[in-house]
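Working notes, structure below.
Numbering (the working numbering), first residue to last: 104 to 201.
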């Protein structure tokens, strides 16, 4: 992960995220967070990033947030997933404010 990506994620999610070199994840002390089930492992914590973003945007007064219903891990027909395939590939995510 680039430093810029880490800075952007930190600004969006504040104290919810823990940022280390090459990894962004839910802080372990927020296991009971309402952003889905965090799955503890020896290496990382998993969280519903879309739900975290939606909650943060709602706190800022944003009423209309669209998307987030797709899963790159489970939908192999539409998406590449390193978590699923364990091989390199290309992926892009787009976010815009209207």
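For each residue, glycine too, the CB sits at the ideal point set by N, CA and C.
Element boundaries [alpha helix (DSSP H), containing residue i]
i, result
"residue 153", "152-162"
Three-state secondary structure assigned by DSSP to residue i
i, result
"residue 188", "helix"
"residue 174", "coil"
Contact belief for residue i with residue j at Cβ below 8 Å, rounded distance in angstroms
i, j, result
"residue 175", "residue 182", "4 Å"
"residue 187", "residue 179", "7 Å"
"residue 171", "residue 159", "Rounded, the Cβ-Cβ distance is 13 Å, inconsistent with contact."
heavy atom of the ligand PLP below 7 Å from residue i C-beta
i, result
"residue 196", "The ligand PLP is not part of this structure, which contains no ligands at all."
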